Amino acid sequence: MSTNNTNNIKNEDLGLHFLALARASSSSRGGKREEEDFEEEEVPTELNTINSSGGFLVVSPDKLSVKYTGVNLHGHDVGVVQANKPAPVKRLVYYFEIYVKDAGAKGQIAIGFTSESFKMRRQPGWEANSCGYHGDDGLLYRGQGKGEAFGPTFTTNDTVGGGINYASQEFFFTKNGSLVGAVYKDIKGPLFPTIAVHSQNEEVLVNFGQKKFAFDLKEYEAQERMKQQMTIEKISLPPNVSYGLVRSYLQHYGYEDTLNSFDLAGKTTVPPVFVAQENGFNEQDNVYALNQRKTLRQLIRNGEIDAAFDKLRNWHPWIVQDDKSSTCFLLHCQKFIELVRVGALEEAVKYGRLELAKYFGLAGFEELVQDCVALLAYEKPQESSVGYLLEDSQREIVADTVNAMILSTNPNVKDLHGCLHSCLERLLRQLTACCLERRSMNGDQGEAFHLHRVLNSGKKAKC
Numbered sequence: 010m011s012t013n014n015t016n017n018i019k020n021e022d023l024g025l026h027f028l029a030l031a032r033a034s035s036s037s038r039g040g041k042r043e044e045e046d047f048e049e050e051e052v053p054t055e056l057n058t059i060n061s062s063g064g065f066l067v068v069s070p071d072k073l074s075v076k077y078t079g080v081n082l083h084g085h086d087v088g089v090v091q092a093n094k095p096a097p098v099k100r101l102v103y104y105f106e107i108y109v110k111d112a113g114a115k116g117q118i119a120i121g122f123t124s125e126s127f128k129m130r131r132q133p134g135w136e137a138n139s140c141g142y143h144g145d146d147g148l149l150y151r152g153q154g155k156g157e158a159f160g161p162t163f164t165t166n167d168t169v170g171g172g173i174n175y176a177s178q179e180f181f182f183t184k185n186g187s188l189v190g191a192v193y194k195d196i197k198g199p200l201f202p203t204i205a206v207h208s209q210n211e212e213v214l215v216n217f218g219q220k221k222f223a224f225d226l227k228e229y230e231a232q233e234r235m236k237q238q239m240t241i242e243k244i245s246l247p248p249n250v251s252y253g254l255v256r257s258y259l260q261h262y263g264y265e266d267t268l269n270s271f272d273l274a275g276k277t278t279v280p281p282v283f284v285a286q287e288n289g290f291n292e293q294d295n296v297y298a299l300n301q302r303k304t305l306r307q308l309i310r311n312g313e314i315d316a317a318f319d320k321l322r323n324w325h326p327w328i329v330q331d332d333k334s335s336t337c338f339l340l341h342c343q344k345f346i347e348l349v350r351v352g353a354l355e356e357a358v359k360y361g362r363l364e365l366a367k368y369f370g371l372a373g374f375e376e377l378v379q380d381c382v383a384l385l386a387y388e389k390p391q392e393s394s395v396g397y398l399l400e401d402s403q404r405e406i407v408a409d410t411v412n413a414m415i416l417s418t419n420p421n422v423k424d425l426h427g428c429l430h431s432c433l434e435r436l437l438r439q440l441t442a443c444c445l446e447r448r449s450m451n452g453d454q455g456e457a458f459h460l461h462r463v464l465n466s467g468k469k470a471k472c
């Protein structure tokens, strides 16, 4: 196979990657951003009157309070009731509360979590796959009849809460708005919020979030996220490694002016920061055609697509020699978009007929062409469903495409995929993969990992 044919294959492979990014922008228009996207789960809203020890308790018509009506002759006379749904797991924390309206004769009230198969005549924590904080003795029970010292007792007019911290894999309990303590969650599978009453006239009200909690759950979540952030910030990186990652990012994307300023700043620090070659940063590959890539990025970001085409024809003609390649297609689309942006609609129509019409009917191209043409139908296209095309991010996709194409012309390039992402981005992709794998090993419990949210939380923490 000739060198030219090989280059054409490389060009198209890389171009398809960026075409997929452009199409992803199209398919996600009007949807939620990644960091806001999460899977909806059913949450507990009331007590389950079907699966309960109904002979010993009465549940109110609204299914949010329960009263013990038995006499309590032995340990199997417990009035137990679960929530109607298990605790949701795709979040940082789940939490609910009870208010003790009446502690009754003995105050043998308990709050906790139990599995679906739990025996409904036993206190939570007395049987396997359950955990309960008990009011009469303040002990915590975890799957056996013997409790362990945990917290204070609770009685009439007290508000007690139970929660699951999925980040730390712990049960935690509160009393009157204050944290009592936490214990490792060693129970797998769906867990139901559970309450128990066990002496005459005991009565409790349940709050699944329909009212404001006594415990400041948002503050607890904020503190938990801060703990995670502090753990990350305690990880020490040698200055030359972090410096090298940032430097290679600037080189990769052709930010030559910023790179020069960054290098100058590195030399004036005390002590100066230098990048050692053994850290894995290939200086020669990263600076290949740096000035040309800088110029082309600036032109595309400024909307000067004709000038970008001219430079490419002079510097790297093979990149634009196939007019039906993904790279040429994205450049032609961007030219059309820029004409619409400045209000040159007649010129945009002519350009569309001349350059975009050829892509109709071609697999992978037609959807984006249709979105481009649809810009003409709106008086205020930036506010329309195809307004994403007028955002700066669309220019960046085209600029990144051209940047990757030029990097792929480097005769010394060994890894084609290295042209797509900088070392820093590959490291972040690995971080994402590790976090997702860790969550998978934990039964997909806890918040879904979104890199944008993590990076933004780091910015807020420093403000």
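In case it helps, my numbering puts the sequence shown at residues 10 to 472.
C-beta: ideal position from N, C-alpha, C; glycine also.
Keep in mind the model is a prediction, meaning the values are calculated, not measured.
Do valine 206 and glycine 88 have their CB atoms nearer than 8 Å? Translated into positions along the sequence shown, residue 206 becomes position 197. Translated into positions along the sequence shown, residue 88 becomes position 79. When the beta-carbon positions are compared, valine 206 and glycine 88 come within less than 8 Å of each other.
Separation of threonine 267 from leucine 246, as counted between CA atoms: Working through the sequence shown from its first residue, we reach residue 246 at position 237. Working through the sequence shown from its first residue, we reach residue 267 at position 258. Distance between the alpha carbons of leucine 246 and threonine 267: 23 Å.
Between Phe374, Val98, Lys236, Pro70, which lies nearest to glutamate 51 when the distance is taken from Cα to Cα? Here residue 51 corresponds to residue number 42 of the sequence shown, with the count starting at 1. Nearest Cα to glutamate 51 within the set Phe374, Val98, Lys236, Pro70: Val98.
For the beta strand (DSSP E) holding alanine 191, just list the boundary residues, first then last. As a position in the sequence shown, residue 191 is number 182, starting the count at 1. Residues 187-193.
Assign isoleucine 244 to buried or exposed, taking buried as 16 or more other Cβ atoms, counted over all protein chains shown, within 10 Å of its Cβ. As a first step, residue 244 must be located in the sequence shown, where it is residue number 235. Looking at its Cβ environment, which holds fewer than 16 other Cβ atoms inside 10 Å, isoleucine 244 is exposed.
For glutamate 355, which of helix, strand or coil comes out of DSSP? Residue 355 sits at position 346 when you count from the first residue of the sequence shown. In the structure shown, glutamate 355 sits in a helix (DSSP, three-state: H, G or I).
Going straight from the alpha carbon of glutamate 43 to that of glycine 113, what length do you get? If you number the sequence shown from 1, residue 43 lands on position 34. If you number the sequence shown from 1, residue 113 lands on position 104. With a pLDDT of only 42 at glutamate 43, under 50, the local geometry of the prediction cannot be trusted, and no value is derived from it.
Bridge partners - threonine 143, DSSP secondary structure assignment: For the purposes of this step, residue 143 is identified with residue 134 of the sequence shown, where counting begins at 1. Looking at the sequence provided, one finds histidine at residue 143 rather than threonine. The partner list for histidine 143 (beta bridge, DSSP) reads Ala119.
Quick one: residues in its chain with C-beta nearer than 6 Å to the C-beta of arginine 302, no 5 flanking neighbours on either side, listed in chain order? Along the sequence shown, one-based indexing puts residue 302 at 293. Result list for arginine 302: Gly263, Asn412, Ile415, in chain order.
In chain order, which alpha helix (DSSP H) runs of at least 4 residues are fully inside the stretch 369-399? You should have 375-383.
DSSP-derived helix/strand/coil call for proline 95: On the sequence shown, residue 95 is found 86 positions in, with the first residue counted as 1. In the structure shown, the three-state DSSP call for proline 95 is coil.
Inter-residue CB distance, leucine 214 and lysine 94 (contact presumed, cutoff 8 Å): As a working note, residue 214 is residue 205 in the sequence shown. As a working note, residue 94 is residue 85 in the sequence shown. The C-beta distance from leucine 214 to lysine 94 rounds to 19 Å, too long to fall under 8 Å, and the pair is not in contact.
Tell me asparagine 174's beta-bridge partners as DSSP assigns them. The residue you call residue 174 lines up with position 165 of the sequence shown. Under DSSP, asparagine 174 shares a beta bridge with Val102, Glu179.
Please tell me whether leucine 305 and glutamate 265 are closer than 8 Å, where the distance is taken between their beta carbons. Residue numbering aside, residue 305 sits at position 296 when the sequence shown is read from its first letter. Residue numbering aside, residue 265 sits at position 256 when the sequence shown is read from its first letter. The beta carbons of leucine 305 and glutamate 265 sit no closer together than 8 Å.
Report buried or exposed for phenylalanine 180, applying the criterion of at least 16 other Cβ atoms within 10 angstroms of its Cβ. By one-based count along the sequence shown, residue 180 stands at place 171. Counting C-beta atoms within 10 angstroms of its own C-beta, phenylalanine 180 has 16 or more neighbours from the protein chains shown and is therefore classed as buried.
Between the stretch 140-148 and the stretch 116-127, are three or more C-beta pairs nearer than 8 Å? Yes: the two stretches touch, three or more of their Cβ pairs being nearer than 8 Å.
State the Cα-Cα distance for the pair leucine 234 and cysteine 444, rounded to the nearest angstrom. For the purposes of this step, residue 234 is identified with residue 225 of the sequence shown, where counting begins at 1. For the purposes of this step, residue 444 is identified with residue 435 of the sequence shown, where counting begins at 1. According to the sequence provided, residue 234 is arginine. The question's leucine does not apply to it. About 15 Å.
The beta strand (DSSP E) spanning lysine 76 covers which residue range? Taking the sequence shown and counting its residues from 1, one reaches residue 76 at position 67. Run containing lysine 76: 74-77, per the beta strand (DSSP E) assignment.
Quick check: the Cα distance between valine 149 and tyrosine 108, rounded to an integer number of angstroms? As a first step, residue 149 must be located in the sequence shown, where it is residue number 140. As a first step, residue 108 must be located in the sequence shown, where it is residue number 99. Correcting the residue identity first, residue 149 is leucine in this sequence and not valine. Rounded to whole angstroms, leucine 149 to tyrosine 108 spans 19 Å at the Cα level.
I want to know whether the stretch 387-400 touches the stretch 316-332 - three or more CB-CB distances under 8 Å. With the cut-off at 8 Å, the stretch 387-400 and the stretch 316-332 do not touch.
How is the alpha helix (DSSP H) around tyrosine 229 delimited, first residue to last? Counting from 1 along the sequence shown, the entry for residue 229 is found at position 220. For tyrosine 229, the enclosing alpha helix (DSSP H) covers residues 226-242.
Leaving out five residues on either side along the sequence, give the residues of the same chain with a beta carbon under 7 Å from the beta carbon of methionine 10. Position 1 of the sequence shown holds residue 10. Reliability fails at methionine 10, whose pLDDT of 40 lies under 50, so the model's placement of it is uncertain and no value is given.
Asparagine 311 in three-state terms, based on DSSP: The sequence position of residue 311 within the sequence shown is 302, counting from 1. The answer is coil: DSSP assigns asparagine 311 none of H, G, I, E or B.
Taking only three categories from DSSP, how would you classify phenylalanine 27? For this step, residue 27 is matched to residue 18 along the sequence shown. Of the three classes helix, strand and coil, the one that applies to phenylalanine 27 here is helix, per DSSP.
For alanine 372 and lysine 359, the rounded distance between their alpha carbons: As a working mapping, residue 359 is identified with position 350 in the sequence shown. As a working mapping, residue 372 is identified with position 363 in the sequence shown. Near 23 Å, if we compare the C-alpha coordinates of alanine 372 and lysine 359.
For valine 67 and serine 187, what's the separation of their Cα atoms in angstroms? In the sequence shown, counting from the first residue as 1, residue 67 sits at position 58. In the sequence shown, counting from the first residue as 1, residue 187 sits at position 178. Valine 67 and serine 187: Cα-Cα distance of roughly 29 Å.
Can you tell me which residues form a DSSP beta bridge with glutamate 212? Against the sequence shown, residue 212 aligns to sequence position 203. Note: glutamate 212 sits in a beta bridge opposite Lys76, Asp111.
Can you give me the C-alpha to C-alpha distance between glutamine 307 and alanine 29, rounded to a whole angstrom? Residue mapping note: residue 307 aligns to position 298 of the sequence shown, counting from 1. Residue mapping note: residue 29 aligns to position 20 of the sequence shown, counting from 1. Going from the Cα of glutamine 307 to the Cα of alanine 29 covers about 23 Å.
Using DSSP's beta-bridge definition, name the partner residues of alanine 158. Translated into the one-based positions of the sequence shown, residue 158 becomes position 149. Residue pairing for alanine 158: DSSP places it in a beta bridge opposite Leu148.
Just the C-alpha distance for aspartate 145 and glutamate 211, rounded to the nearest angstrom, thanks. In the sequence shown, the residue the question calls residue 145 occupies position 136. In the sequence shown, the residue the question calls residue 211 occupies position 202. Going by the C-alpha atoms only, they are around 12 Å apart.
Going straight from the alpha carbon of valine 422 to that of serine 257, what length do you get? Position 413 of the sequence shown, counting from 1, holds the residue named residue 422. Position 248 of the sequence shown, counting from 1, holds the residue named residue 257. If you take the alpha carbons of valine 422 and serine 257, they lie about 15 Å apart.
Would you kindly report the start and end of the unbroken alpha helix (DSSP H) that includes valine 329? Here the question's residue 329 lines up with position 320 in the sequence shown. Unbroken run through valine 329: none, as it is neither H nor E.
DSSP-derived helix/strand/coil call for glycine 39: As a working mapping, residue 39 is identified with position 30 in the sequence shown. Note that glycine 39 scores a pLDDT of 44, beneath 50, so its modelled location is shaky; the value from the coordinates is reported in the next line. Assigned with DSSP and collapsed to three states, glycine 39 falls in coil, not helix or strand.
On the DSSP bridge list, what partners appear for lysine 184? The count along the sequence shown starts at 1 and reaches residue 184 at position 175. In DSSP, lysine 184 forms a bridge with Val169, Ser187.
With DSSP collapsed to three states, give me the class of leucine 437. In the sequence shown, the residue the question calls residue 437 occupies position 428. Looking at leucine 437 - three-state DSSP - the assignment turns out to be helix.
Consult DSSP for alanine 274 and reduce its assignment to one of helix, strand or coil. Mapped onto the sequence shown, residue 274 falls at position 265. In this structure, alanine 274 counts as helix in the three-state DSSP scheme.
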